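Reviewing the structure listed below.
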Amino acid sequence: MRSILHIDMDAYFASVEQCDNPTYRGKPVVVGADPKGGMGRGVVSAASYEAREYGVHSAMPIGQAYRQCPDGIFLPVRMERYHEISERIFAIFHRYTDLVEPLSMDEAFLDVTGSYALFGSCETIGRRIQEKIWKEEQLHASVGVASNKFVAKVASDLKKPQGFVVVPGMKEREFLRDLPINRLWGVGPKTTRRLNELGYQKIGDITRHSQELLRSRFSNLGVHLWQLSHGLDDRPVVSETHAKSIGAETTFSRDTNSLSLMQQTLLALSERVAQRLRAEQVDARALTLKFRNESFETVTRSQVLSMPTDQAADLYTVALTLLVKVPFTKQKVRLLGLSATKLTSVEAHEQLTLFESGPQRNAQLSHAVDAIRHRFGNEVIQLGSLIERRHT
Amino acid sequence: MKVNIQRQELLTALQRVQGVVEKRNTMPILANILLEAKPEGLDILATDLELAMRGLYKATVEEPGSVTFSARKLYEILKEIREPEIQLTVAENSWVTIKAGRSEFRVVGLPSQDYPSLPAIERDGLIPLPSAGLLDLIKRTIFAVGDNDTRYVLNGILVSVISENAKKATLRLVGTDGHRLAMAEEEVMVDQASLPSTETKVIIPKKAATEIKRLLEEDDNEPLVGFTKNMLIFRKSGLVMTSRVMEGAYPNYQQVIPKESSQKVTVPREELEGALRRVSLLSRDKSYAIKLSFTQDRIHLSSSNPDLGEANEEISAQHQGEDFETGFNARYLLDVLSAIEGEFLTLQMETPLSPCLIQEHENPKFKAVVMPVKV
């Protein structure tokens, strides 16, 4: 039997902010877009547990959050800071096992089956990790311990914050029995409604039926539900060291059809994506543009790059050609996003070029800019065309 | 319209236009050909709006007329038909009936006026281009031309005519995608008075060069080739092909072709080619990167792929200079080798990260440059 931990940081972004600014502790903290007195756009990225008492939750429009919690502390997203601390937290995970599968920067599965001899039982390891995160970073995590990924994830979520739930082997079915069916992996609001209508309320309601019956009613979904409801899940923990894509997006403060504003925004996004590519030491081999219009219709357009790159100028050139391919229906744009995909590691072989020493020089320039930003902050050095935007 | 035509004649026409008709679905009608039956025969046209091909084919025209329909369907039908003669008839509603023996196909067509009109052929300022040896020059350079490169002009072949004296000139073709470059030239007889300057240049899109190559490979008939400010014109018996020429500044290629170097390696071409093919089997998927180590009398080739394993091979070579080690995309080297015919070739490079000049032994008319890979 395997020993799987699911570790999930509690209100991660908000907790980092509370940790960095002790005066925020115990107060409702909302990380996300600028609420602008309730007129702001964009969404909540994270809410502290204090803010959640006001009904604020992540992905909620920021304006609504502001109205529900006007006394809250609204803070901008400091992604780099969260990444920095995330790296330290993941370093703690890696002290106990190599099999760490990140789900996001604040959540991971760990397979500690092979770590018993060194560190003790899975419960001991889970406790130790939880303590280390608190001691070293003053952050709380919830831990689920089980024989597979699905049950471990349900367990970690059950007693948040600072939860610690162990599901002993062979007790999975019992553990799941009284939980609502939407706890099952892959069951969203639509499926929940459908299952409720058919009389399935709790996970235990599913286990009362045979696999064949569920298959006949829901085909493959039925088999999946039957297996999960019995606590069966044999997906392995896959340690993945590199991100599959690196992206950034911006919701405009006002829907716009200004081409120059879109261009500026794409340039800013190219800069952000390129900077992160360099930080991760990867090159993009393809770029995707995301375009959402004022009616919330979203289209994406992608292109494979002729040369892998981590340079903003290259991404920007391609982004502009992708923008032309967006079927404009005379509607204004609400959101633009860029994501670099098909990432390849830089230290793989670099093909040298015949003409212009340009690329090599641009790369040196970008690295110098990165170093300056790393030391003095992102704002201190900007492209001229992006500074102008602030005055308009 | 009603036409009787030999299957083979029509097949030749359709084979010629396959490379011209648009395969991407930007404008559906560009996947069509235009047929025009005239007393003198059947005119078949295809265009992608940049490249256009018009040929007159032998046919018995019982009733003149015109229609446009899918080039691909007609080609597929012709490939399956065994009867030597085919009859094409077009009804009022533009349906095309293709009859061959006991087979009959009815295919949807469109009125010919829906087909885009071809650009008029310009004759003003037409500069003739010597065609002798053109096929060989295209074959030796086209592999290095870029595909969909963002630096637009790199997707074309640079053609230059450099006057030597009143009657002789050098015809030079250059292709490059920024990672490798090929330059091939040939002495040609040309009337200097027909050339506007001592060095006349034009950039031809890769697609046009590919089609010219195909047409030249058909037979030995010498074509008439020329260009104006905007257009390249290629004409041979019963066939005219025109292409837009590319605008823009071609990069200074001469600057990147290395001069004679102190590091010079001479190798038998076939041995190097075989070794490159074998060793690249275990190179990393996309980069085809392999390592080359040059010592006094041999080249050691190696590749490794963390997921698969590694490969090693040694071939004998004559090397002047110091031992050194560098990396290449094996594909790029193989492309060059396929453009070379001689038994031996030489590689010259100053340092492991500088451009590598590849030439046929004792043949100054072909030069290829490949940039190394950092390994």
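Respectively, the protein sequence lines represent chains L and H.
If you're matching positions, the first sequence starts at 105 in my numbering and goes up one per residue.
If you're matching positions, the second sequence starts at 66 in my numbering and goes up one per residue.
Just so you know, even glycine gets a beta-carbon here, dropped at the ideal spot from N, CA and C.
Just so it is clear, the structure is predicted and the values come from calculations on it, not from any experiment.
Checking the sheet assignment: what are the DSSP bridge partners for residue i?
i	result
H/GLU379	H/HIS365
H/ASN97	H/SER135
L/ASP182	Residue identity check: residue 182 of chain L is Arg in the sequence provided, not Asp. DSSP lists no partner for L/ARG182.
H/THR241	H/LEU246
H/PRO333	H/PHE409
L/PRO284	L/LYS306
H/VAL161	H/VAL155 and H/VAL172
H/VAL434	H/LEU246 and H/LEU422
L/PRO206	L/ALA212
H/THR307	H/ALA117 and H/ILE298
L/ARG405	L/LEU393
H/THR112	H/ALA117
H/ASN394	H/ALA354
L/LEU426	Note: L/LEU426 sits in no beta bridge, so no partner.
L/GLY136	L/VAL148
H/LEU223	H/VAL239 and H/ILE268
L/GLY441	L/GLU353 and L/LYS394
With a cut-off of 8 angstroms on the beta carbons, I'd call residue i and residue j a contact; round off their distance for me.
i	j	result
L/PRO412	L/ALA388	6 angstroms
H/THR411	H/GLN424	5 angstroms
H/ARG245	H/TYR397	5 angstroms
H/VAL155	H/GLY130	6 angstroms
L/PHE395	L/LEU440	6 angstroms
L/LEU262	L/LEU329	At roughly 20 angstroms, the Cβ-Cβ gap does not stay under 8 angstroms, so L/LEU262 and L/LEU329 are not in contact.
L/THR201	L/SER219	5 angstroms
Would residue i pass as a contact of residue j if the rule is Cβ separation under 8 angstroms?
i	j	result
H/GLY84	H/ARG279	yes
H/VAL332	H/PRO420	no
L/PHE279	L/VAL291	no
L/ALA115	L/VAL134	no
H/SER302	H/LEU116	no
L/ALA155	L/GLY176	yes
H/ALA354	H/SER348	yes
L/LEU447	L/LEU371	no
H/VAL306	H/GLU276	In the sequence as displayed, the identity of residue 306 of chain H is Met instead of Val. Yes. Within cutoff.
L/GLY335	L/GLU276	yes
L/LYS436	L/GLU398	yes
H/SER177	H/GLU128	no
H/LEU200	H/GLU282	yes
H/ALA234	H/VAL253	yes
H/ASP256	H/LYS271	no
H/ILE142	H/LEU107	no
H/GLU264	H/SER225	yes
L/VAL52	L/ILE233	Because chain L in this structure spans residues 105 to 496, residue 52 of chain L falls outside the shown range and cannot be described.
H/LEU202	H/LEU238	yes
L/ASP215	L/ILE108	yes
H/LEU337	H/ALA376	no
L/ASN203	L/SER343	Looking at the sequence shown, residue 203 of chain L is not Asn but Leu. Yes, the Cβ-Cβ distance between L/LEU203 and L/SER343 is below 8 angstroms.
Closer than 6 angstroms by C-beta to residue i: which residues in its own chain qualify, once you throw out the five before and the five after it? Chain order, please.
i	result
H/GLY407	GLU425 and HIS426
H/GLY190	THR293
L/PRO139	ILE166, TYR170 and PHE178
L/HIS495	Low confidence applies to L/HIS495: its pLDDT is 43, below 50, so where it sits in the model is not reliable, and the reading given next is rough at best. Once the five neighbours on either side are set aside, L/HIS495 has no close Cβ partner at all.
H/ALA433	ALA247, VAL401 and ILE423
L/LEU283	ILE307
CB-CB under 7 angstroms to residue i, same chain, minus the five flanking residues each way: which ones, in chain order?
i	result
L/ARG493	Because the pLDDT at L/ARG493 is just 48, under 50, the model does not fix this residue reliably, and the value given afterwards should be weighed accordingly. Excluding residues within five positions, the ones whose Cβ falls inside 7 angstroms are GLN368.
L/LEU317	none
H/ASP242	ALA209, VAL210, GLY211, ASP214 and LEU219
H/LYS329	GLN385, GLY386, THR411 and GLN413
H/ASN394	SER352, TYR353, ALA354 and VAL438
L/GLY130	GLU154
H/LYS103	VAL126 and PRO129
H/ILE380	VAL332, GLU336, LEU337, ALA340, ARG363 and ILE364
For residue i, which residues in the same chain have their Cβ closer than 8 angstroms to its Cβ, ignoring the five residues on either side in sequence?
i	result
H/LEU418	THR391, PRO437 and LYS439
L/ALA256	ILE108, LEU109, HIS110, PHE213, GLY248, VAL249, ALA250 and VAL271
H/LEU95	VAL86, GLU87, THR112, ASP113, LEU114 and PRO181
Confirm the yes/no value for this check: CB of residue i, any heavy atom of the ligand ADP, distance under 7 angstroms.
i	result
H/GLY211	By its list of ligands, the structure shown contains no ligand whatsoever, and the ligand ADP lies outside what it can speak to.
Q.
Tell me which residues of the segment 224-257 of chain H have at least one Cβ-Cβ distance to chain B shorter than 7 angstroms, keeping chain order.
A. This model lacks chain B altogether; the protein chains it does include are L and H.
**Q.** Stretch-stretch touch, CB-based, cutoff 8 angstroms, three pairs: the segment 384-392 of chain H with the segment 357-367 of chain H
**A.** yes
Q) Is there contact here, the segment 347-361 of chain L with the segment 369-377 of chain L, by at least three beta-carbon pairs under 8 angstroms? A) Here the segment 347-361 of chain L makes contact with the segment 369-377 of chain L; the two share three or more CB pairs at distances below 8 angstroms.
Q) Between the segment 388-405 of chain L and the segment 416-432 of chain L, are three or more C-beta pairs nearer than 8 angstroms? A) Short answer: they touch.
Q: Examine the Cβ distances between the segment 128-136 of chain H and the segment 469-489 of chain L and report whether three or more of them are shorter than 8 angstroms.
A: no
Q | the segment 236-243 of chain L in contact with the segment 188-200 of chain L per 3-pair CB rule at 8 angstroms | A | yes
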